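Take the working numbering: the last position of the sequence shown gets the number 562, and nothing is skipped along the way. Accompanying notes for the structure given below.
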Amino acid sequence: MAKEKTSYVCSNCGYDSPKWYGKCPSCGAWDTFEEIKIRKEPTSKTYQSPKSEQRQKPLPIREIEAAEEPRFDLHDAELNRVLGGGLVRGSLVLLGGEPGIGKSTLVLQTVLGMNDRKVLYVSGEESPRQLKMRADRLTGKTDETLVLCETCWEKILTQLEAEQPDVVVIDSIQTIYTEAVESSPGSITQVRECAVSILRYAKETQTAVILIGHINKEGSIAGPKVLEHIVDTVLQFEGDQHYMYRILRSIKNRFGSTSELGIYEMRQDGLRQVSNPSELLLNQDHEGMSGIAIAAAVEGVRPFLIEVQALVSSAVYGYPQRSATGFDIRRMNMLLAVLEKRVGFKLAQKDVFLNIAGGLKVNDTAIDLPVISAILSSNLDVEIESGVCMTGEIGLSGEIRPVNRIEQRISEAQKLGFSRFILPKQNMQGLNTQGLKIALVPVRKIEEAFRALFG
Numbered sequence: 108m109a110k111e112k113t114s115y116v117c118s119n120c121g122y123d124s125p126k127w128y129g130k131c132p133s134c135g136a137w138d139t140f141e142e143i144k145i146r147k148e149p150t151s152k153t154y155q156s157p158k159s160e161q162r163q164k165p166l167p168i169r170e171i172e173a174a175e176e177p178r179f180d181l182h183d184a185e186l187n188r189v190l191g192g193g194l195v196r197g198s199l200v201l202l203g204g205e206p207g208i209g210k211s212t213l214v215l216q217t218v219l220g221m222n223d224r225k226v227l228y229v230s231g232e233e234s235p236r237q238l239k240m241r242a243d244r245l246t247g248k249t250d251e252t253l254v255l256c257e258t259c260w261e262k263i264l265t266q267l268e269a270e271q272p273d274v275v276v277i278d279s280i281q282t283i284y285t286e287a288v289e290s291s292p293g294s295i296t297q298v299r300e301c302a303v304s305i306l307r308y309a310k311e312t313q314t315a316v317i318l319i320g321h322i323n324k325e326g327s328i329a330g331p332k333v334l335e336h337i338v339d340t341v342l343q344f345e346g347d348q349h350y351m352y353r354i355l356r357s358i359k360n361r362f363g364s365t366s367e368l369g370i371y372e373m374r375q376d377g378l379r380q381v382s383n384p385s386e387l388l389l390n391q392d393h394e395g396m397s398g399i400a401i402a403a404a405v406e407g408v409r410p411f412l413i414e415v416q417a418l419v420s421s422a423v424y425g426y427p428q429r430s431a432t433g434f435d436i437r438r439m440n441m442l443l444a445v446l447e448k449r450v451g452f453k454l455a456q457k458d459v460f461l462n463i464a465g466g467l468k469v470n471d472t473a474i475d476l477p478v479i480s481a482i483l484s485s486n487l488d489v490e491i492e493s494g495v496c497m498t499g500e501i502g503l504s505g506e507i508r509p510v511n512r513i514e515q516r517i518s519e520a521q522k523l524g525f526s527r528f529i530l531p532k533q534n535m536q537g538l539n540t541q542g543l544k545i546a547l548v549p550v551r552k553i554e555e556a557f558r559a560l561f562g
């Protein structure tokens, strides 16, 4: 029998230690170390390719042939963009998201449309009949995609060697276990051992593998953090279950950029690609309403216009309330302090509520100017003129700082028919204004922006 060794792994960051710690030396988390047992001799079946021994020999880097990685067309423009142009052969992709957000739906409807590739869908959570019912709801037609409902990696590997598919989907990695480890599925040891074995299979056979993973209550991939280091690409599927929009972000991508973004709309028949999110996120019927400003935001390299809503009212109770949906509450408090200190608006005894329409979560600091404009519009109960779009980052001294990708923001606002665009004055340097049909209003301080908005 193989000799066992005991180790302790942090479930938060994956730090490995021969002894237990109350506080992780790497990430500082408390009570996150879990005991695992490691065998020196593997007892499970692992995939070994005849090329494995050849790859052990080191080569000079000048002798290595570099060529562009061949990619599979997923017939999904949003997913292809986020992946960097398609699915790379031999890559390991991890798709994470909250339960019920639509991870399995996104992957299933994608592989059902890949009629030119042999796909094996391995499910450890659903029965074949459940998958058939979901496939009929998504496409309404029979597909040649192979379905396997199994959780043992050794049995799955036997079917993979027999079928030799081009693309493998495993739903989910937390349900797969290997007989080499004596622990329950979903544990740190099982997730790590299965991921390493799957990675070895993907690289040796040049098979693209998509792993679906759950996230924990902190919002990170469930299981050890080393799982994100093992895979080639980490995608995050975000969104609020009470809203129809879903955002696909790339957190890590060895074969492309991490600045791309995909937007989907959840419908009864599956997820629909949103090629122009600005038209869907804007509510054009807000004439006569105060507290609404249109912001030109950029997520990754993709510009789109969003609607910022604010409500300012007198505090009913002694302590004023501050609430923000889709925006950092700490940054909103900073902007309120700037308004009071630099501009002179007294909001200390006012309740302030902020909302990004559509259920989106925006991290772009360039929407600072629209945020304070919406807050001031609601406080004064004065409507912002329709046809005005704005962008700008606010500094602590009340200045409006320049933002990146200003040309794309202006182009998006012009495409949707806006007549005026308020932007930081420093962004005018080197900006080509020829051919623009939208009036640019450069501002340097908050007071100048308010005069341009309210006169």
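Just so it is clear, CB atoms sit at the ideal spot from N, CA and C, and this is done for glycine as well. As the structure is a computational prediction, the values presented were derived from the model and not from experiment.
- Secondary structure of Glu447 (DSSP, three-state): helix.
- The shortest CA-to-CA distance from Ala455 to any of Phe434, Asn486, Val469 is the one to Asn486.
- Under the DSSP assignment, Glu406 falls in the beta strand (DSSP E) whose first and last residues are 399–406.
- In the three-state DSSP reduction, Asp250 falls in the coil class, being neither helix nor strand.
- DSSP, reduced to helix, strand and coil, places Ile322 within a strand of the structure shown.
- Per DSSP, the beta bridge partners of Arg374 are Gly377.
- The Cβ neighbour count for Asn440, taken over all protein chains shown within 10 Å, is under 16; the residue is labelled exposed.
- Pairing His182 with Gln428, the inter-Cα distance amounts to about 47 Å.
- DSSP, read as helix, strand or coil, puts Lys532 in helix.
- By the Cβ neighbour-count rule, Gln271 is exposed, with fewer than 16 other Cβ atoms within 10 Å of its own.
- Distances from the alpha-carbon of Thr265 to those of Glu251, Gln281, Thr285, Asp243 put Thr285 closest.
- Comparing C-alpha distances from Gly129 to each of Glu519, Thr296, Trp137 shows the shortest one belongs to Trp137.
- Per DSSP, Pro272 lies in no alpha helix (DSSP H) and is assigned neither H nor E.
- Going by DSSP, Arg512 is part of no alpha helix (DSSP H) at all; its letter is neither H nor E.
- Counting only residues of its own chain and dropping the five nearest sequence neighbours on each side, Arg244 has a CB closer than 7 Å to the CB of Asp376.
- A direct Cα-Cα distance of roughly 6 Å separates Leu388 from Ile413.
- From the listed residues Lys448, Lys468, Gly363, Leu543, the smallest Cα separation to Glu554 is found for Lys448.
- Per DSSP, the beta bridge partners of Glu142 are Tyr115.
- Ser397 sits close to Glu490, with the two beta carbons spaced by under 7 Å.
- Separation of the CB atoms of Gly369 and Arg188 is rounded to 6 Å, and the pair is thereby assigned contact status at 8 Å.
- Bounds of the alpha helix (DSSP H) holding Pro384 are 384–388.
- Remark: C-beta atoms of Ala431 and Leu476 do not approach each other more closely than 7 Å.
- In this structure, Ser480 and Leu560 form a Cβ contact; the two beta carbons are roughly 6 Å apart against a cut-off of 8 Å.
- In this structure, the CA atom of Arg437 is about 28 Å from the CA atom of Pro206.
- Look at Ala546 here: in three-state DSSP terms it is strand.
- Classified as buried, Pro410 has 16 or more neighbouring CB atoms from the shown chains inside 10 Å of its CB.
- Counting only the Cα atoms, Asp339 lies some 20 Å from Glu172.
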